[in-house]
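*Asks:* If you want the numbering used here, it's the position in the sequence shown, counting the first as 1, plus 845.
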Amino acid sequence: MADYPLQYKNPGPEVILKTKRGYPRLGATPDEAGVNFALFSRNATRVILELYQNYYDSAPSHSFELDPIKNKTGDIWHIYIYGVGHGQYYGWRVDGPYDPLNGKRFNVNKLLIDPYAKAVTTFFDWNDDAVYGYDRNSPMGDLSFSTIDSSKSMIRSIVIDDSKYDWEDDRQLHIPWNETIIYEMHVRLFTISPTSNVKFPGTFLGIIEKLDHLKELGVTTIELMPIFEFNLNSNPNVNPITGEQLKDVWGYNPLNFFAVTGNYSVGLKLGEQVFLFKDFVKMLHKNGFEVILDVVYNHTGEGGEKGPTLCFRGIDNEIYYMLDPKNKRYYLNYSGCGNTLNCNHPVVKEMIIDSLRYWATEMHVDGFRFDLASVLGRTPDGRWIGDLSLLKDIAEDPIVGKLKLIAEGWDAAGGYHLGLFPEGWAEWNGKYRDCVRKFVRGDNGVIEELMLRISGSPDLYANRRPHASINFITCHDGFTMRDLVSYNEKHNEANGEGNKDGTDENFSYNYGVEGDTDDERVLKIRKQQVKNFFAILMLSHGTPMILMGDEFFRTQNGNNNAYCIDDETTWVDWTLKEKHRDLFEFVKKMIRFRKSHPALKRECFYEKYDRFGNLLTDITWHGVNPFEPDTGYYSHSIAFMISGLEPAKGLKIDNNIYVILNQWKEPLNFVLPPLQGEEWYLIADTSRDYPDDFLENPHLVKGYYTAQPHSTVIFISD
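1) Between the Cα of residue 1302 and those of 1276, 876, 1007 and 1398, spot the shortest distance and give me the residue it belongs to.
2) Would you report the Cα separation of residue 1268 and residue 1239, rounded to the nearest angstrom?
3) Three or more beta-carbon pairs under 8 Å between the region 1394–1404 and the region 1412–1428, yes or no?
4) If you draw a straight line from the alpha carbon of residue 1517 to that of residue 1549, how long is it in whole angstroms?
5) What are the boundary residues of the alpha helix (DSSP H) that residue 1036 is part of?
6) If you count every other CB in all the chains shown that lies within 10 Å of the CB of residue 1348, and 16 or more means buried, which is it?
7) Could you pull out every unbroken beta strand (DSSP E) segment of at least 3 residues lying fully inside the region 1096–1154, listed in chain order?
8) Could you give the distance in angstroms between the alpha-carbon of residue 902 and the alpha-carbon of residue 1092?
9) Look at residue 1527 and residue 1560 and say whether their C-beta atoms are less than 9 Å apart.
10) What are the boundary residues of the beta strand (DSSP E) that residue 1527 is part of?
11) Would you be able to state if there are at least three C-beta pairs under 8 Å between the region 916–923 and the region 1105–1120?
12) What is the DSSP secondary structure of residue 1052, counted as helix, strand or coil?
13) Tell me the DSSP secondary structure of residue 1218 in three-state form.
14) Taking three-plus beta-carbon pairs below 8 Å as touching, is the region 1062–1078 in contact with the region 1096–1105?
15) Given a threshold of 16 other Cβ atoms within 10 Å of its Cβ, counted over all protein chains shown, does residue 1130 qualify as buried or as exposed?
16) Taking the alpha-carbon positions, what's the residue 912 to residue 889 distance?
17) Would you mind giving the Cβ-Cβ distance between residue 1260 and residue 1305, rounded to the nearest angstrom? I have them listed as a contact below 8 Å.
18) Judging by CA-CA distance, which residue of 1132, 1015, 1107 and 1296 is the nearest neighbour of residue 1065?
19) Thinking C-beta only, is residue 1273 closer than 9 Å to residue 1254?
20) What's the C-alpha gap between residue 826 and residue 964?
21) Since I believe residue 1320 is in contact with residue 1029 (beta carbons under 8 Å), could you give me their beta-carbon distance rounded to a whole number of angstroms?
22) Nearest-angstrom Cα distance between residue 1127 and residue 1250?
23) Where are the beta strand (DSSP E) runs, 3 residues long or more, that stay fully inside the region 1256–1292, in chain order?
24) With H, G and I counted as helix, E and B as strand and the rest as coil, what does DSSP make of residue 1312?
25) Apply the 10 Å Cβ neighbour rule to residue 1290 and answer buried if 16 or more other Cβ atoms are within range, or exposed otherwise.
26) DSSP three-state call for residue 1306: helix, strand or coil?
27) For residue 1448, count the other beta carbons within 10 Å of its own beta carbon; 16 or more makes it buried, fewer makes it exposed. Which is it?
28) Would you kindly work out how many angstroms separate the C-alpha atoms of residue 1009 and residue 874, rounded to a whole number?
29) Tell me, please, which residues DSSP counts as bridged to residue 875.
30) Below 7 Å CB to CB, which residues in the same chain sit around residue 1350 once its five sequence neighbours on both sides are set aside?
31) For a test of the three-state rule: what should DSSP assign to residue 1252, helix, strand or coil?
32) How big is the Cα-Cα spacing for residue 1491 and residue 1445?
33) Can you check which of these residues, 1182, 1330 and 1482, is closest to residue 1513 by C-alpha distance?
34) Quick one: Cα of residue 989 to Cα of residue 999, how far?
35) For residue 1380, count neighbouring Cβ atoms within 10 angstroms of its own Cβ and tell me buried if that reaches 16, exposed if not.
36) Sorted by chain position, which residues of the same chain lie with C-beta nearer than 7 Å to residue 1162's C-beta, five sequence neighbours on each side aside?
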């Protein structure tokens, strides 16, 4: 790991600090002589900056009330303080009207996080009355006013000077989209289990210790679930089965958008997490992996009107949040988490762009996946404006727009804008997920849609390249792939919400037994279907994404919304890798097969016509007879051939690839399409037991092939 200096400058109360006017650059900006502090607030009447010698001090070492004439430019309050520097703990107090009915929730008794802070201490109790702007014991609820000083809560912003960090020659990797294979993981859950056998479980360092596994698997891009600072202990619910307090494990409730969380770092977590994350990114780049962050800009961890006052609510509530125009006491809740960030307000929009640029330039990340991204395309009154919104600004930003941008194209208020994002965006393709699940489960009437999904979803992305479709079967939100073939119903009882949370529409099937079983017949078909999922995923046009642990049959015991569970249920069990070595080897080989065949990675897959009106296509569809696909309602099989020729130029770029997908309950004889001067070689059949090594030793097949029930069969021409 890199060596970096940590020189703390936290003067005690006996030191007299000099100040000057400062300048309106938001956040805490250190230099050799001191630090400039600046905060936006349009509606505040008074702003106070407090410095703390220790993060646990209940009283500040120094307090500075900013002069609205001298220390304010426009709506930005600012002050420069000499003699302080890296490691300084600080917080803001903002005074103004407390009028919740009109959207104003200022409370000078609350010490607030700097929205632009690069590090935050989170050693505070979420249930502490002190962090709430209202009196939680009052019958007036959030209309009441709290006089409790929240400085005892120990939540502080930290000045960070990372100007001397040595990035060496590190740069973003910019792996081409058509070479990208995404692996979604949660930092803590990936290695926290004792079975991981790492020295630093549950941390960024723990992931580094598992890089050999990721290299062996063959993925290119690591997508981290949220790493913005959040409070792990903010969940009010209790596990009704064990009686244990539940947690905000996933981290989708950010406290600010610049601070990397200390939850995944070693040490005191008082600023070191910034440098440890830089080390992490640099190490992954050295090993050839991109790092994508799952970012949450649609809401904050302050929740609804009864949530705590930690940052934005106390700084300028009606600027930062979308409020109900009929009653500004309440928040519009497009996120499903109590509030919605006012993303298309100029001030909030600038903060989000600044945040993205920070992670791109100062943290060297390679891209972003935006949680509930359709919120970023909404106006304050909730209308979708797409190309006129922040989404367009992000895609066209000269820095951020050059990185990988991935949208979750829906939100919790019914917004579903799949395929409608501006140029430059890729999107999680929820229609791909659902269609492939339905086909493998054996649903009727899915063949025609399956043809679209396998060919890159041209109905959604016809004006963009195929990589715009992020193809996935599973992700953090929902069943694991093993649970998808092991449960008919979700089992979220441990979440403390009466099994009412999480989607009921999983398109899963348990093959006769709900949950785990020792029945070898059931286990065989389940694992075979998982292999089918992976085969279809790696053969489809678009960008494939897989969920951590699916490569070796990970389970969450039927919990499809395990956001609050931090035990063996959600921890990756590394003993499964050897127990299900056959599946791991299959997934590894399918990834290698995809990476080695240009025909699966074309920049354009969609049907086009030449100047004479002739159809040019790289994919043809077949049934049990060549060029005769059965697309009827009761069809459960399809075959397709991906041409090794570049259709528009007639140049050979690869071998031809022929695939049979048979989810019918009986074997089917497929006549292989004729080739001129070439033969078909079998390289994979998911119905065959391990270790069938066809990928290394293809078997010549002539005439036809009998595809077994629930199987995927892959051929390649010589």
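Backbone N, C-alpha and C fix where the C-beta goes; we use that ideal spot for every residue, glycine too.
*Replies:* So, from the listed chains and residues:
1) Comparing Cα-Cα distances from residue 1302 to each of 1276, 876, 1007 and 1398, the minimum goes to 1276.
2) A direct Cα-Cα distance of roughly 11 Å separates residue 1268 from residue 1239.
3) Contact between the region 1394–1404 and the region 1412–1428 is present, with at least three C-beta pairs closer than 8 Å.
4) If you take the alpha carbons of residue 1517 and residue 1549, they lie about 5 Å apart.
5) 1032–1036 is the span of the alpha helix (DSSP H), which, as asked, contains residue 1036.
6) Residue 1348 should be labelled exposed.
7) Taking only runs of at least 3 residues, the beta strand (DSSP E) segments lying wholly in the region 1096–1154 are 1135–1140.
8) Annotation: residue 902 to residue 1092 spans about 26 Å, alpha carbon to alpha carbon.
9) Cβ distance < 9 Å, so residue 1527 and residue 1560 count as in contact.
10) Annotation for residue 1527: the continuous beta strand (DSSP E) segment containing it runs 1525–1530.
11) Contact between the region 1105–1120 and the region 916–923 is not established, with fewer than three Cβ pairs separated by less than 8 Å.
12) DSSP places residue 1052 in helix when its eight states are reduced to three.
13) It is helical.
14) Contact check between the region 1062–1078 and the region 1096–1105: three or more CB pairs, one atom from each, fall below 8 Å, which counts as touching.
15) The residue is buried, with at least 16 neighbouring Cβ atoms inside 10 Å.
16) So the two alpha carbons sit approximately 12 Å from each other.
17) 16 Å between Cβ atoms; not a contact.
18) Ranking 1132, 1015, 1107 and 1296 by Cα distance to residue 1065 puts 1132 first.
19) Taking 9 Å as the Cβ cut-off, residue 1254 and residue 1273 qualify as a contacting pair.
20) A query on residue 826 cannot be resolved here, the shown segment of the chain reaching from 846 to 1563 and no further.
21) Here residue 1029 really is in contact with residue 1320; their C-beta atoms are around 6 Å apart, less than 8 Å.
22) Distance between the alpha carbons of residue 1127 and residue 1250 is about 20 Å.
23) Those beta strand (DSSP E) runs which fall completely within the region 1256–1292 and span 3+ residues are 1271–1273.
24) Look at residue 1312 here: in three-state DSSP terms it is helix.
25) Only exposed fits residue 1290, as fewer than 16 other CB atoms lie within 10 angstroms of its CB.
26) DSSP places residue 1306 in helix when its eight states are reduced to three.
27) Classification of residue 1448: exposed, given that the 10 Å Cβ count is below 16.
28) Between residue 1009 and residue 874, the C-alpha separation is close to 14 Å.
29) Residue 875 pairs with 880.
30) Counting only residues of its own chain and dropping the five nearest sequence neighbours on each side, residue 1350 has no CB closer than 7 Å to any other CB.
31) Correct three-state label for residue 1252: strand.
32) Whole-angstrom Cα-Cα distance: 12 Å.
33) For residue 1513, the nearest C-alpha among the options comes from 1482.
34) Cα to Cα, residue 989 sits roughly 24 Å from residue 999.
35) Taking all protein chains in view, the Cβ of residue 1380 is crowded by 16 or more other Cβ atoms within 10 Å, so the residue is classified as buried.
36) The beta carbon of residue 1162 is closer than 7 Å to those of 948, 949 and 950 in its chain, skipping five residues each way along the sequence.
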